[in-house]
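Input: a single structure, listed below in structure tokens.
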Amino acid sequence: MQIAVFSARPYDRRFLDEANQRGAAEQDFAFVYFDASLDLHTATLAQDCDAVCVFVNDRLDAPVLQALHAQGVHAVLLRCAGFNNVDLAAATSLGLFVARVPAYSPEAVAEHALALVMTLNRQTHRAYNRVREGNFMLDGLLGHTLHGRTVGIVGTGKIGVATARIFKGLGCTVLGHDPYPSASFAGLGENVALAKLLSRADIVSLHCPLTADTHHLINDASLAQMKAGAMLVNTSRGGLVDTHAVIRALKSRRLGHLAIDVYEQESALFFQDLSGEIIDDEAFQRLMTFPNVLVTGHQGFFTVEALQEISAITLGNLADFAAGRACANRVEAG
Ligand code: NAI
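Using the numbering used here, read the sequence shown as starting at 1 and increasing by one per residue.
Written as structure tokens, this is what we have:
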């Protein structure tokens, strides 16, 4: 069975090949790697392939899925948890098998959220540069003691719970907001209405999926409900945040800090080296001018352990598809 892997970076090749070699005795999978992301133009690269393996910024809308299906592709394997980039109704009506990796080291993303909070709060990125230039002044590096602060977790699923545990361990008061609160959040904090969470939290960390309901969950109105000077952290999906509203809140000095690992228009920027290019995204460039904004390029998942799990689970999903078995990680419309 031949699989076209889109948006393939060197680390994708390494971990998928390693997982494939481990299971080589029982399965015969040949991966063909493409640097390009999947869209209507690149879909033809999957010719002669039985399946495609994709990541967060590959586009799997109805025309792309139809093009893949017409070429004989029968399966879509997501190397990620979120599937907001797949038109599931179209995939289901075409009879395509779609499977994801629902959980892989939720702690990896939670720890990255912590890294963002710690960096922005204590300005370690600025301290690093200052000290290397022989500047040992402390002005501008003042942070808060996190012990005793209130952290609001929006979405108390696997990653939200892992994040709540970390902040509880630091001595923070943890609040959660989730329409379907998980049993594992009980004992870590109180599940409250979103308005209450926003009005009480010194740090708001987003961990809910991107859906029609959560699109621009953080907007002018919700930002106005947040405590003045609070920190907003988004390691979930860029579309949860209205970037223009956040820029307004930063300009008015109401939002104290912003840390994002995801960005609504990230597909044009992330996972590429654009250091020699002119970046046309005005909103992104404006964000870069604020000293109290920290952006990382969707690296929350990027640990050895998480990549090993992603590859192993992707191979398992593929093996289920190849054997015609039921697959627990299959996603379908409805
Ligand atoms: P999960 O499915 O375990 O938890 C999501 C939680 O959000 C659920 O408990 C659900 O009830 C809740 N939720 C749904 N609608 C909500 C709403 N309107 N308000 C508040 N909560 C709501 O998912 P998991 O594994 O914790 O992942 C969370 C998100 O993290 C994923 O959807 C994905 O977008 C993102 N992610 C980001 C990564 C990165 O590298 N930065 C890596 C992996 C996931």
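Built from N, CA and C at the ideal position, the CB exists for glycine as well.
Worksheet item: In whole angstroms, what is the alpha-carbon distance linking residue 255 and residue 298?
Response: In the sequence shown, counting from the first residue as 1, residue 255 sits at position 255. In the sequence shown, counting from the first residue as 1, residue 298 sits at position 298. Rounded to whole angstroms, residue 255 to residue 298 spans 22 Å at the Cα level.
Worksheet entry | Paired residues, beta bridge with residue 177 - DSSP | Start at 1 with the first residue of the sequence shown, and residue 177 comes out as number 177. Per DSSP, the beta bridge partners of residue 177 are 154.
Worksheet item: What are the start and end residues of the alpha helix (DSSP H) that includes residue 182?
Response: The residue labelled residue 182 in the question sits at position 182 within the sequence shown. Secondary structure note for residue 182: it is in no alpha helix (DSSP H), with a DSSP letter that is neither H nor E.
Worksheet item: If you run the structure through DSSP and keep just helix, strand and coil, what is residue 104?
Response: Reading the sequence shown from its first residue, position 104 is the one you call residue 104. Residue 104 falls in the coil class under three-state DSSP.
Worksheet item: Skipping 5 residues on each side, what residues in its chain have a beta carbon closer than 7 Å to that of residue 163?
Response: Counting from 1 along the sequence shown, the entry for residue 163 is found at position 163. By the criterion of a C-beta distance shorter than 7 Å, residue 163 is surrounded in its chain by 110, 113, 153, 205, 207, once the five residues flanking it on both sides are discounted.
Worksheet item: Are the beta-carbon atoms belonging to residue 59 and residue 28 less than 8 Å from one another?
Response: Position 59 of the sequence shown, counted from the first residue, corresponds to residue 59. Position 28 of the sequence shown, counted from the first residue, corresponds to residue 28. Not in contact: residue 59 and residue 28 (Cβ atoms no closer than 8 Å).
Practice prompt. Flag this pair as touching only if the region 51–71 and the region 265–275 have three or more C-beta atom pairs under 8 Å; answer yes or no.
Written response: Flag = yes, the region 51–71 and the region 265–275 touch.
Discussion item. Would residue 250 and residue 293 qualify as a contact pair, given that the criterion is a beta-carbon distance under 8 Å?
Written reply: Sequence index remark: in the sequence shown, residue 250 carries index 250 (1-based). Sequence index remark: in the sequence shown, residue 293 carries index 293 (1-based). Yes, the Cβ-Cβ distance between residue 250 and residue 293 is below 8 Å.
Worksheet item: Assuming residue 99 and residue 234 make a contact with CB atoms under 8 Å, what is their CB distance in whole Å?
Response: Taking the first residue of the sequence shown as position 1, residue 99 is located at position 99. Taking the first residue of the sequence shown as position 1, residue 234 is located at position 234. The beta-carbon distance between residue 99 and residue 234, rounded to whole angstroms, is 26 Å. This is too long to meet the 8 Å contact definition.
Worksheet item: Taking three-plus beta-carbon pairs below 8 Å as touching, is the region 237–251 in contact with the region 183–202?
Response: Segment contact: the region 237–251 against the region 183–202, fewer than three CB-CB distances shorter than 8 Å; contact not assigned.
Discussion item. Using a Cβ-based criterion (distance less than 7 Å to any ligand heavy atom), does residue 7 qualify as near the ligand NAI?
Written reply: Here residue 7 is taken as the residue at index 7 of the sequence shown, counted from 1. Between the ligand NAI and the CB of residue 7, the shortest heavy atom gap is not smaller than 7 Å.
Worksheet item: Is the beta carbon of residue 165 within less than 7 Å of some heavy atom of the ligand NAI?
Response: In the sequence shown, counting from the first residue as 1, residue 165 sits at position 165. Answer for residue 165: no, Cβ out of range of the ligand NAI.
Worksheet item: Is the distance from the Cβ of residue 314 to the Cβ of residue 79 below 8 Å?
Response: The residue given as residue 314 occupies position 314 in the sequence shown. The residue given as residue 79 occupies position 79 in the sequence shown. In this structure, residue 314 places its C-beta atom within 8 Å of the C-beta atom of residue 79.
Worksheet item: How is residue 331 classed by DSSP in three states: helix, strand or coil?
Response: Position 331 of the sequence shown, counted from the first residue, corresponds to residue 331. Coil, per DSSP.
Discussion item. Closer than 7 Å to a non-hydrogen atom of the ligand NAI - does that hold for the CB of residue 103?
Written reply: Along the sequence shown, read from residue 1 onward, the residue named residue 103 stands at position 103. With a cutoff of 7 Å, residue 103 counts as near the ligand NAI, since its C-beta is closer than that to a heavy atom of the ligand.
Worksheet item: Among 9, 76, 172, which one has its Cα closest to the Cα of residue 329?
Response: In the sequence shown, the residue the question calls residue 329 occupies position 329. Nearest C-alpha to residue 329: 76.
Discussion item. Let me make sure I understand the geometry here. Which of 296, 240, 285 has the alpha-carbon closest to that of residue 259?
Written reply: In the sequence shown, the residue the question calls residue 259 occupies position 259. The shortest Cα separation from residue 259 among 296, 240, 285 belongs to 296.
Worksheet entry | Three-way DSSP call (helix, strand, coil) for residue 38 in this model | The residue given as residue 38 occupies position 38 in the sequence shown. Assigned with DSSP and collapsed to three states, residue 38 falls in coil, not helix or strand.
Worksheet item: Between which two residues does the alpha helix (DSSP H) carrying residue 93 extend?
Response: Within the sequence shown, residue 93 is the residue found at index 93, counting from 1. Residue 93: member of the alpha helix (DSSP H) spanning 88–94, first to last residue.
Worksheet item: Cβ of residue 262 within 7 Å of any heavy atom in the ligand ZN?
Response: As far as ligands go, the structure on display features the ligand NAI and does not contain the ligand ZN.
Worksheet item: Do residue 151 and residue 185 have their CB atoms nearer than 8 Å?
Response: Stepping through the sequence shown from its first residue, residue 151 is reached at position 151. Stepping through the sequence shown from its first residue, residue 185 is reached at position 185. Cβ atoms of residue 151 and residue 185: not closer than 8 Å.
Discussion item. Taking the beta carbon of residue 285 as the centre, do at least 16 other beta carbons fall within 10 Å, making it buried, or is it exposed?
Written reply: Counting from 1 along the sequence shown, the entry for residue 285 is found at position 285. Exposed, since its Cβ has fewer than 16 Cβ neighbours within 10 Å.
Item to complete: Kindly list the residues whose CB is nearer than 7 Å to the CB of residue 181, restricted to its own chain and excluding five residues on each side of it in sequence; keep chain order.
Response: Along the sequence shown, read from residue 1 onward, the residue named residue 181 stands at position 181. Excluding sequence neighbours, residue 181 sits near 156, 191.
Item to complete: Could you say which of 275, 271, 261, 319 lies nearest to residue 37 if we only look at CA atoms?
Response: In the sequence shown, the residue the question calls residue 37 occupies position 37. Here the closest residue by C-alpha is 271.
Worksheet item: Just how far apart, CA to CA, sit residue 240 and residue 84?
Response: The sequence position of residue 240 within the sequence shown is 240, counting from 1. The sequence position of residue 84 within the sequence shown is 84, counting from 1. Going by the C-alpha atoms only, they are around 12 Å apart.
Item to complete: Enumerate in chain order the residues of its own chain whose CB-to-CB distance from residue 44 is below 8 Å, with the five nearest sequence positions on each side excluded.
Response: As a first step, residue 44 must be located in the sequence shown, where it is residue number 44. Take residue 44, set aside five residues on each side of it, and the residues of its chain with a beta-carbon closer than 8 Å to its own are 67, 71, in chain order.
Discussion item. Our contact map puts residue 102 next to residue 81 with C-beta atoms below 8 Å; I'd like the distance itself, whole angstroms only.
Written reply: The residue given as residue 102 occupies position 102 in the sequence shown. The residue given as residue 81 occupies position 81 in the sequence shown. Contact between residue 102 and residue 81 holds, with the beta-carbon distance rounding to 6 Å and staying under 8 Å.
Worksheet item: CB residue 228 to CB residue 19, shorter than 8 Å?
Response: Counting from one through the sequence shown, the residue named residue 228 turns up at place 228. Counting from one through the sequence shown, the residue named residue 19 turns up at place 19. The answer is no: Cβ separation not under 8 Å.
Worksheet item: Per DSSP, which one or two residues make a beta bridge with residue 190?
Response: Counted from its first residue, the sequence shown places residue 190 at position 190. Looking at the DSSP assignment, residue 190 forms a beta bridge with 175.
Fill in: residue 90 versus residue 333 - alpha carbon distance
The count along the sequence shown starts at 1 and reaches residue 90 at position 90. The count along the sequence shown starts at 1 and reaches residue 333 at position 333. About 8 Å.
Practice prompt. Out of 33, 35, 4, 323, point me to the one whose CA is closest to residue 47's CA.
Written response: Here residue 47 refers to the residue found at position 47 when the sequence shown is read from its first residue. Ranking 33, 35, 4, 323 by Cα distance to residue 47 puts 4 first.
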